[in-house]
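These notes concern the structure reproduced below.
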Amino acid sequence: MKKMWQLWLTAVLAVLLLTACGGTDDSKDKGTDNNTTTEQSDKENGSDSEASEDTDAATYPMTIKDATGVEITLEKAPETIISTLPSNTEILFALGLDDEIVAVDDYSDYPEDATKKEKIGDMNLNIEKIISMNPEMVFGHEMSLPGSEAGYQQIRDAGIPVYIVKNAMNFDETYSTIEAIGEATGKSEEASKVVEDMKAKVEDVVAKTADIETPKRVIVETSDVPEIYVPGKNTFMQEILDKIGAENVVTEEGWIMISPEEIVKQNPDVMVIMHDYTPDVINSVKERDGFADITAVKEDQIVQVDANLTSRTGPRLAEGLEEVAKAVYPEAFK
Numbered sequence: 016m017k018k019m020w021q022l023w024l025t026a027v028l029a030v031l032l033l034t035a036c037g038g039t040d041d042s043k044d045k046g047t048d049n050n051t052t053t054e055q056s057d058k059e060n061g062s063d064s065e066a067s068e069d070t071d072a073a074t075y076p077m078t079i080k081d082a083t084g085v086e087i088t089l090e091k092a093p094e095t096i097i098s099t100l101p102s103n104t105e106i107l108f109a110l111g112l113d114d115e116i117v118a119v120d121d122y123s124d125y126p127e128d129a130t131k132k133e134k135i136g137d138m139n140l141n142i143e144k145i146i147s148m149n150p151e152m153v154f155g156h157e158m159s160l161p162g163s164e165a166g167y168q169q170i171r172d173a174g175i176p177v178y179i180v181k182n183a184m185n186f187d188e189t190y191s192t193i194e195a196i197g198e199a200t201g202k203s204e205e206a207s208k209v210v211e212d213m214k215a216k217v218e219d220v221v222a223k224t225a226d227i228e229t230p231k232r233v234i235v236e237t238s239d240v241p242e243i244y245v246p247g248k249n250t251f252m253q254e255i256l257d258k259i260g261a262e263n264v265v266t267e268e269g270w271i272m273i274s275p276e277e278i279v280k281q282n283p284d285v286m287v288i289m290h291d292y293t294p295d296v297i298n299s300v301k302e303r304d305g306f307a308d309i310t311a312v313k314e315d316q317i318v319q320v321d322a323n324l325t326s327r328t329g330p331r332l333a334e335g336l337e338e339v340a341k342a343v344y345p346e347a348f349k
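Given below as structure tokens:
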């Protein structure tokens, strides 16, 4: 199941990221406007002694827009929530919504409490089960729209709000997504704190790798032979490598399939492996034909990193940046 999920995710990312390369990113540094807009007017200024009930009353009802432009009017913060993608789940838990989350998709395995929630399917959502649970909000995702759009509409037709979360393409969009989900769930303050902590972690990693004199040449594998996929320019991983001052040996745009022979030709200093469905994967990579002459193999610089830390655009993304940085420049973290 894990292999199927990773291959499916890689394929979907390849399509979405290649599509994204064709446009400009006007959404960076715009905060939550990237994902959601609040139609109500700003709250009137009040004294610090106002009761929390008064603050809540001033906030709701509110109308927000999801990533597809669908408007959702909320009379109050949702008290029962279903998440259909692991990144959504991780964000919702980080916002302190454990009690409100009643079900998650089959792949949501972090935090541990997510594994204890009711399950509503994998890439193929159990729409009937979702409707039968009658949640106050379903958090879908832009990445799953190609296969789930009709199902999401079926849920809406049953009177259940569906909020489609934007497929974040960089750190700034991830911050905005977290803030947008925070707004939609009445957890804006908690969302701001999550983003603040993430930014602090990113700044720390960037600072530790800022003085590296000779950038290392890196290749990142997200799937194993016979179909090795790697991220190139204008991908999330490219941004991560840029932040730590590393050079991506892949110069093509988006996600591409690469041959073992081309990896040998590129001779990377470091190979970051982000798939774990192959037993003893590090030695398996080393034993590929011709790989004995690669610098990364000769210097034992093949490092496995949990793919979930960088593929799930949520609170652990900053941790993913740190893990990649440690894999490429371990000396900076001694």
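16 is the number of the first residue of the sequence shown in the working numbering; add one for each residue after it. Using N, Cα and C, we set each Cβ at its ideal position, and we do this for glycine too.
Taking all protein chains shown into account, threonine 104 has 16 or more neighbouring C-beta atoms within 10 Å of its C-beta and is therefore buried. Where proline 161 is concerned, the enclosing alpha helix (DSSP H) starts and stops at 160-172.
In the displayed model, valine 264 falls within coil according to three-state DSSP, outside both helix and strand.
Of the candidates Asp291, Ile297 and Thr293, the residue whose Cα lies closest to the Cα of valine 285 is Ile297. CA-CA distance, threonine 224 to aspartate 257, rounds to 11 Å. Secondary structure at proline 241: coil, using DSSP grouped into helix, strand and coil. If you look at glutamine 316, you'll find it isn't in any alpha helix (DSSP H); DSSP assigns it neither H nor E. In terms of Cβ geometry, valine 300 and glutamate 236 form a close pair [threshold 9 Å]. Fewer than three pairs of CB atoms, one per stretch, sit closer than 8 Å, so the region 335-343 makes no contact with the region 200-209.
With distances taken between CA atoms, glycine 260 lies nearest to Pro230 out of Val210, Ile193 and Pro230.
With 16 or more other Cβ atoms inside 10 Å of its own Cβ, proline 176 counts as buried.
Distances from the CA of glutamate 90 to each of Glu277, Ala322 and Glu198 were compared; the closest alpha carbon is that of Glu198. Around the beta carbon of glycine 84, fewer than 16 other beta carbons lie within 10 angstroms, which makes this residue exposed. For leucine 140, the three-state secondary structure derived from DSSP is strand. Comparing alpha-carbon positions, the option among Glu346, Gly305 and Thr99 lying closest to glycine 166 turns out to be Thr99. DSSP, read as helix, strand or coil, puts lysine 131 in helix. Contact between the region 179-187 and the region 112-131 is absent: fewer than three C-beta pairs spanning the two stretches fall below 8 Å. Membership of leucine 89 in the beta strand (DSSP E) is indicated by the continuous run 86-89.
Apart from the 5 residues on each side of it in sequence, glutamate 334 sits with its Cβ closer than 8 Å to the Cβ of Lys216 and Leu324 in its chain, given in chain order.
The beta carbon of valine 209 sits closer than 6 Å to those of Ala109, Ile193 and Pro330, all from its chain and outside the five residues before and after it, given in chain order. Boundaries of the alpha helix (DSSP H) around glycine 197: 186-199.
Residue state for serine 299 is assigned as helix, using DSSP reduced to three classes. Taken through DSSP and simplified to helix, strand or coil, glutamate 94 comes out as coil.
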